[in-house]
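What follows is a short report on a single structure.
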Amino acid sequence: MIKTVRLYTLCILSLSSIFSCTDNISESEITTIKLTPNKESHLLLSSIIDSLHILPLETTEQALLSDIRELEYDEGLYFIQNDQDMLIYIFNRNGKFNCKPAKKGQGPGEIRFPQNFALNKIDKEIWLTNNNSFYKYNYAGKYLGNKPYSLAFSDFCIEKNGNIYFYTNKTNNSHIGDGFLTGNITMLSPQGEKKTWFKSKAALQHEPNKSYMSFFTRIPFSEQEDGKITCHYAFCDTIYSIHKDCITPSYVIDFGENKSKIDLDQIPGSDVDEYIHAHPKTVWYAREVLETSNIVRFSYNFGFESYADVYYNKSNGHILEGKPINDLLGGYIKILGKRGNTIIGCIPAIDIQLSDKLSSFISQEKLSELKKITPESNPILIEFTLKDF
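Mature numbering (1 follows the signal peptide of the UniProt record, and there is no 0) puts the sequence shown at residues -22 to -1, 1 to 367.
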């Protein structure tokens, strides 16, 4: 069941303490996505997809990937962060390896401690963190210099107007002294203006610079074609939209009676772990949020035992919900991002198990190509669009 609710004065007043964009909020509508969590519900890949594109990534001595940590797409290129060395590998639309912009080392353009990356799509640059600097490279792999910073974050994105948005784990309080990055989303403008949203009481109560067990969202940002950015953070049941220097709520996820009875966002990570183990039926932790012009997609957990994917049709309010079953290629599809209305994920080559059903979605030529894949090959990219539902 889907319903749309209009924010009334009381809600506006409570939200105005969080957002600086009260004018936008007063005009907004929040769509509630009401779920029916059920461990027995399954989503067969073959039954929900309309199209399927399988892209083996070329395996060479210069491009050996253990697993894909993060992926961005622009200008017909896939920018892939390898999970092992944290470096960026660029492949074209045919899966052919182009270049690796950064190398490990201390020479010009070389990097010692890569961690996070994002694309500056306006200037066609790759930004890769190294200690306290953003190292910049163009799409051809040329080093362009660096930009210093003094922050602590888990991921970031660059808005088309130049604002940088940072996402932090829920217990990060390393900047508690200057009031910066004690929340989950923080903005840094080109002029140096700082704003922080969703401050965590748990973080504020901790001693600065001490490590605590934490949880994070692997895909906190999803850029839209109109320049807006869909954002989400761990333990939050609301999905937000970023535009310029405003963050406004767009969707609320309703888990019903299965929702946690306490606010997991406001307690330490170790307490979250203890609570979930004590309440294994709790449905929680919406994550990996992607939004296209057609759908909103995310996942959630049943305790620590199982999980489900959700696809919400924005035009008619229909929902697909259940544990994903890859009955075409075997293995778990790790969702990485999107390209237009196409969802992009990956599967390790070692997990590939070709099904007879594949012939209904791909050509015999592509099927023959897949049969040549070995366990030592690079991960396989999976791109799919959904049937109308």
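By construction, the Cβ of each residue, glycine as well, lies at the ideal position given by its N, Cα and C atoms. Fair warning: this is a prediction, and the values are worked out from it, not measured in the lab.
Near residue i, what residues of its chain come up, given a Cβ to Cβ distance below 7 Å and the 5 sequence neighbours on each side ignored?
i    : result
F367 : N291, H296, L298
F276 : A264, R265, E266, V267, V288
P357 : L35, L43, D45, I46, C324, I325, P326, A327
D251 : M191
Y211 : Y145, N162, I163, F176, T195, P198
E5   : Legend: pLDDT at E5 = 43, less than 50; position of this residue unreliable, value from coordinates given subsequently. Nothing listed; no residue qualifies.
Could you check which residue in the options has the C-alpha nearest to that of residue i?
i    : options                : result
Y121 : L242, K78, K222        : K78
L359 : P15, E252, Y127, K74   : K74
S337 : E201, I32, M165        : I32
D334 : S346, A327, I325       : S346
Y229 : L22, D249, D251, E269  : E269
A41  : F91, L348, L65, F176   : L65
L23  : D305, K316, S355, F339 : D305
T14  : G318, G315, V261       : V261
T9   : F144, S219, Y310       : S219
D133 : C209, G83, F339, Q62   : C209
Would you mind giving the Cβ-Cβ distance between residue i and residue j, rounded to the nearest angstrom? I have them listed as a contact below 8 Å.
i    : j    : result
K301 : Y278 : At roughly 11 Å, the Cβ-Cβ gap does not stay under 8 Å, so K301 and Y278 are not in contact.
S178 : G161 : 6 Å
I197 : F176 : In fact, because the Cβ distance is near 17 Å, the residues do not count as touching under 8 Å.
R103 : Y115 : Per the sequence presented here, residue 103 reads as Glu, with Arg not at that position. Contact holds; Cβ gap of about 7 Å.
L97  : D52  : 6 Å
N108 : I89  : 5 Å
L166 : I142 : 5 Å
F280 : K17  : 6 Å
N110 : P126 : 6 Å
Within a Cβ cutoff of 8 Å, which residues of the same chain sit near residue i, ignoring the five residues on either side of it in sequence?
i    : result
D215 : V230, I231, D232, F233, K237, A264
I240 : Y253
I68  : L55, Y56, F57, I58, F75, N76, C77, K78, P79, Y117, G119
N272 : N291, K292, S293, N319, L364
Near residue i, what residues of its chain come up, given a Cβ to Cβ distance below 6 Å and the 5 sequence neighbours on each side ignored?
i           : result
residue 415 : Absent from the structure is residue 415, since the part of the chain shown begins at -22 and ends at 367.
I100        : K138
F362        : I27, L30, I321
G140        : P168
F213        : L242, D243
Margin query: Please give me, in chain order, every unbroken run of the beta strand (DSSP E) with length at least 3 that falls completely inside the stretch 38 to 112.
Written below: 46 to 52, 55 to 60, 66 to 70, 75 to 77, 92 to 98, 103 to 108, all fully within the stretch 38 to 112.
Checklist line | 3 or more residues per run - each beta strand (DSSP E) lying fully within the stretch 177 to 250 | finding: Counting only runs of 3 or more, we get 199 to 201, 207 to 209, 216 to 221, 224 to 232.
Next item on the list: Pair every Cβ in the stretch 343 to 357 with every Cβ in the stretch 323 to 331, then say whether three or more of these pairs are closer than 8 Å.
Entry: Taking a cut-off of 8 Å on C-beta distances, the stretch 343 to 357 touches the stretch 323 to 331, as three or more cross pairs fall below it.
Notebook entry, point to check: Mind pulling the beta strand (DSSP E) runs of 3 or more residues that sit fully within the stretch 255 to 330?
Noted result: Taking only runs of at least 3 residues, the beta strand (DSSP E) segments lying wholly in the stretch 255 to 330 are 261 to 269, 273 to 280, 284 to 291, 297 to 303, 312 to 317, 320 to 325.
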